[in-house]
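To start, the structure itself, in structure tokens.
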Amino acid sequence: MPARGAHRRLEPGRLVLASHNAGKLREVAALLAPHGLQVVSAGELGLPEPAETETTFLGNATIKALAAARAAGLPALADDSGFSVASLGGDPGVRTADWAMLPGGGRDYAMAMAKVAALAEPHADRRAWFTCALVLAWPDGHAEGFEGEIHGRWVFPPRGTNGFGYDPMFVPEGGAQTFGEMAPAAKHADNHRARAFALLAAACLPPAG
161 MPARGAHRRL EPGRLVLASH NAGKLREVAA LLAPHGLQVV SAGELGLPEP
211 AETETTFLGN ATIKALAAAR AAGLPALADD SGFSVASLGG DPGVRTADWA
261 MLPGGGRDYA MAMAKVAALA EPHADRRAWF TCALVLAWPD GHAEGFEGEI
311 HGRWVFPPRG TNGFGYDPMF VPEGGAQTFG EMAPAAKHAD NHRARAFALL
361 AAACLPPAG
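For the sequence shown, my numbering gives the first residue as 161, with consecutive numbering after it.
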């Protein structure tokens with residue numbers, strides 16, 4: 161699991177994003193660019209996706225970050241994030257991507273959102289939240305972990321074509337638009353990933369230029 165105590169600072173240079181998700185790559189690369197970090201994805205390097213066998217976001221992010229750092233010989237950042245619905249006991253949670261999995265491979269998030277709505281619709285409770293765990297790892301096995309959340313409510317049918325995953329069915333507290341309706345800059349300014357990233361940047365990243 162990520163180390164506790166004194167934080168290790170990352171030097172400017174190349175960083176592997178331990179993800180094959182193009183949406184996450186765009187979002188994380190935009191966050192890292194001001195810190196002098198050039199991001200290459202695990203997909204671009206042809207790295208395999210390790211099995212995510214942990215039961216927490218931080219646990220799965222740690223698996224991915226360490227695997228990428230050791231395989232590439234570079235510092236690696238992994239994101240494990242998910243969508244949770246209160247009336248479903250926090251599901252899909254760490255199995256967010258699994259709920260979208262198709263029998264023949266690939267993912268269908270429209271199907272996953274419909275499944276969430278069908279299960280949650282009988283309940284009056286519309287509370288929902290996104291969680292993001294970010295883990296930064298080095299090839300020597302050192303790892304640092306940070307977690308952020310944003311709360312709001314789920315809506316159906318989905319609205320908007322921006323973002324990715326379950327974004328079109330989530331409205332953050334105090335807002336009227338779903339993440340799928342928001343302009344990317346507005347979503348990135350305050351979401352679960354931005355909150356986790358703020359903690360990571362303060363502890364481990366070189367100052368923004």
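Here a beta-carbon is modelled for each residue, glycine too, at the ideal position from N, C-alpha and C. Model, not experiment: these values are computed from the prediction.
Discussion item. Could you check whether the segment 253–262 touches the segment 186–200, counting it as contact only if at least three pairs of C-beta atoms, one from each stretch, sit closer than 8 Å?
Written reply: no
Worksheet entry | CA-to-CA distance, D300 to P318, given in whole angstroms | Numbered from 1 along the sequence shown, position 158 holds the residue referred to as residue 318. Numbered from 1 along the sequence shown, position 140 holds the residue referred to as residue 300. Whole-angstrom Cα-Cα distance: 43 Å.
Worksheet entry | Contact check, P366 vs L234, beta carbons under 8 Å | Sequence index remark: in the sequence shown, residue 366 carries index 206 (1-based). Sequence index remark: in the sequence shown, residue 234 carries index 74 (1-based). Cβ distance not < 8 Å, so P366 and L234 don't count as in contact.
Item to complete: Could you please give the first and the last residue of the uninterrupted alpha helix (DSSP H) stretch that includes F217?
Response: Taking the first residue of the sequence shown as position 1, residue 217 is located at position 57. F217 -> alpha helix (DSSP H) spans 217–232.
Worksheet item: Do you know offhand how far S244's Cα is from A193's?
Response: Here the question's residue 244 lines up with position 84 in the sequence shown. Here the question's residue 193 lines up with position 33 in the sequence shown. Computed Cα separation, rounded: 29 Å.
Practice prompt. Given a cut-off of 8 Å, decide if G323 and A221 are closer than it, judged by their beta-carbon atoms.
Written response: Residue numbering aside, residue 221 sits at position 61 when the sequence shown is read from its first letter. Residue numbering aside, residue 323 sits at position 163 when the sequence shown is read from its first letter. Taking 8 Å as the Cβ cut-off, A221 and G323 do not qualify as a contacting pair.
Discussion item. Mapping the DSSP letters down to three states, classify E204 as helix, strand or coil.
Written reply: To locate residue 204, count along the sequence shown from 1; it is residue 44. Looking at E204 - three-state DSSP - the assignment turns out to be coil, as it is neither helix nor strand.
Fill in: Assigned secondary structure, L262 (DSSP; H/G/I helix, E/B strand, else coil)
For this step, residue 262 is matched to residue 102 along the sequence shown. Looking at L262 - three-state DSSP - the assignment turns out to be coil, as it is neither helix nor strand.
Discussion item. Given a cut-off of 8 Å on the beta-carbon distance, is the pair A303 and A225 in contact?
Written reply: Here the question's residue 303 lines up with position 143 in the sequence shown. Here the question's residue 225 lines up with position 65 in the sequence shown. Yes; because the gap between Cβ atoms is below 8 Å, this pair is in contact.
Practice prompt. Check F339 in the structure and name its three-state DSSP category.
Written response: As a working mapping, residue 339 is identified with position 179 in the sequence shown. Reduced to three states, the DSSP call for F339 is coil.
Practice prompt. Mind reading off the beta-carbon distance from A280 to S247? Whole number of angstroms is fine, and I expect it under 8 Å.
Written response: By one-based count along the sequence shown, residue 280 stands at place 120. By one-based count along the sequence shown, residue 247 stands at place 87. The Cβ separation is near 5 Å, so the contact holds.
Worksheet item: Does the distance from the C-beta atom of A231 to that of S179 stay below 8 Å?
Response: Residue numbering aside, residue 231 sits at position 71 when the sequence shown is read from its first letter. Residue numbering aside, residue 179 sits at position 19 when the sequence shown is read from its first letter. Taking 8 Å as the Cβ cut-off, A231 and S179 do not qualify as a contacting pair.
Worksheet item: Are H348 and A190 close, meaning C-beta to C-beta below 8 Å?
Response: As a first step, residue 348 is located in the sequence shown; it is residue number 188 there, counting from the start. As a first step, residue 190 is located in the sequence shown; it is residue number 30 there, counting from the start. Against a cut-off of 8 Å, the Cβ pair of A190 and H348 comes out as a contact.
Discussion item. Can you tell me whether R355 is helix, strand or coil according to DSSP?
Written reply: Start at 1 with the first residue of the sequence shown, and residue 355 comes out as number 195. Correct three-state label for R355: helix.
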